[in-house]
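S.K.: One structure coming up, written as structure tokens, with questions to follow.
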Amino acid sequence: RRCFIKNTLAAAALLMSGGAVAEPAMRSVCTVPYELDMLIKAGHIQGACCSKQGVYLSHQLGIAKIGWDGKLLKTVEEPAHLGDTAFANGKIYGAFVIYDKNLRKNGMTGLVRVWNENLEIVAEKWFPEALDGITVLGDTVYVGIDRWGRPMHPLCCVKRLSLDLEDKGNVDVD
Numbered sequence: 016r017r018c019f020i021k022n023t024l025a026a027a028a029l030l031m032s033g034g035a036v037a038e039p040a041m042r043s044v045c046t047v048p049y050e051l052d053m054l055i056k057a058g059h060i061q062g063a064c065c066s067k068q069g070v071y072l073s074h075q076l077g078i079a080k081i082g083w084d085g086k087l088l089k090t091v092e093e094p095a096h097l098g099d100t101a102f103a104n105g106k107i108y109g110a111f112v113i114y115d116k117n118l119r120k121n122g123m124t125g126l127v128r129v130w131n132e133n134l135e136i137v138a139e140k141w142f143p144e145a146l147d148g149i150t151v152l153g154d155t156v157y158v159g160i161d162r163w164g165r166p167m168h169p170l171c172c173v174k175r176l177s178l179d180l181e182d183k184g185n186v187d188v189d
């Protein structure tokens with residue numbers, strides 16, 4: 016059996032407890048051998064988020080759901096590099112940059128997709144900017160916008176969305 020320990024699991028335990036415990040114990044999740052070998056092809060895990068049902072791992076080929084018993088429950092292939100993921104209100108939020116011009120919708124390169132806990136798509140919205148990185152705080156989804164690519168740049172741009180993906184505007188941060 017292969018085991019991994021993630022700080023994300025401790026954070027999830029704290030959040031699910033309503034913050035009542037000061038220091039949740041780290042949990043090991045042991046996986047069945049070879050079930051996660053598709054992650055080797057994916058290159059690396061880009062992001063992780065947790066719900067009461069399990070752990071969701073995003074990577075450049077899609078997203079995988081692993082139960083708390085360590086069993087791979089479901090994998091879903093995605094059209095492009097799936098950046099980080101975030102969990103809120105029973106939904107998983109993910110940010111994409113669509114490099115392949117043939118996969119873009121009306122020339123747009125950014126996509127935010129929302130799945131339910133069974134990894135069924137429940138919403139998505141396209142944006143003209145390249146997106147990477149996502150988190151949810153309260154009733155706002157925050158998504159990183161990659162305006163400049165790899166070269167050093169003066170600002171970071173963050174897109175703000177409502178939980179139903181309505182645009183709340185962008186903010187530049189030093």
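Position 133 of the sequence shown, counted from 1, bears residue number 148 in the numbering used here, the numbering being contiguous throughout.
Virtual Cβ for every residue (Gly too), placed ideally from N, Cα, C.
Could you tell me which of Leu-97, Leu-178, Ala-145, Arg-128 sits nearest to Gly-58, measuring between CA atoms?
M.R.: Leu-97
S.K.: Starting from Asn-133, trace the beta strand (DSSP E) in both directions and tell me its first and last residue.
M.R.: Premise fails: Asn-133 is in no beta strand (DSSP E) and is neither H nor E.
S.K.: Measure the C-alpha to C-alpha separation of Leu-178 and Pro-166 and round it to an integer number of angstroms.
M.R.: 31 Å
S.K.: Give the straight-line distance between the Cα atoms of Ala-150 and Asp-52, rounded to the nearest whole angstrom.
M.R.: Per the sequence presented here, residue 150 reads as Thr, with Ala not at that position. Looking at the two C-alpha atoms, the distance is approximately 27 Å.
S.K.: To the nearest angstrom, how far is the alpha carbon of Leu-126 from that of Asp-115?
M.R.: Approximately 13 Å between the Cα atoms of the pair.
S.K.: Tell me whether Thr-155 is buried or exposed, calling it buried when 16 or more other Cβ atoms sit within 10 Å of its Cβ.
M.R.: Of the residues assessed, Thr-155 falls on the exposed side of the cut-off, its CB having fewer than 16 other CB atoms within 10 angstroms.
S.K.: Name the DSSP beta bridge partners of His-96, please?
M.R.: Bridge partners of His-96: Val-112.
S.K.: Are the beta-carbon atoms of Phe-111 and Arg-128 separated by less than 8 Å?
M.R.: yes
S.K.: Taking 8 Å as the cut-off, decide whether the C-beta atoms of Thr-124 and Ala-138 are in contact.
M.R.: no
S.K.: For Ser-73, tell me which candidate among Leu-134, His-168, Asp-161 has the shortest Cα-Cα distance.
M.R.: Leu-134
S.K.: If you follow the beta strand (DSSP E) that Asp-182 is in, where does it begin and where does it stop?
M.R.: It spans 182 to 188 - the beta strand (DSSP E) in which Asp-182 sits, taken as one unbroken run.
S.K.: One question on the structure: do Leu-180 and Lys-140 come within less than 8 Å of each other, judged by their Cβ atoms?
M.R.: yes
S.K.: Which residues share a DSSP beta bridge with His-74?
M.R.: Ile-60, Gly-77
S.K.: Work out the CA separation of Lys-80 and Thr-90 for me, nearest whole Å.
M.R.: 6 Å
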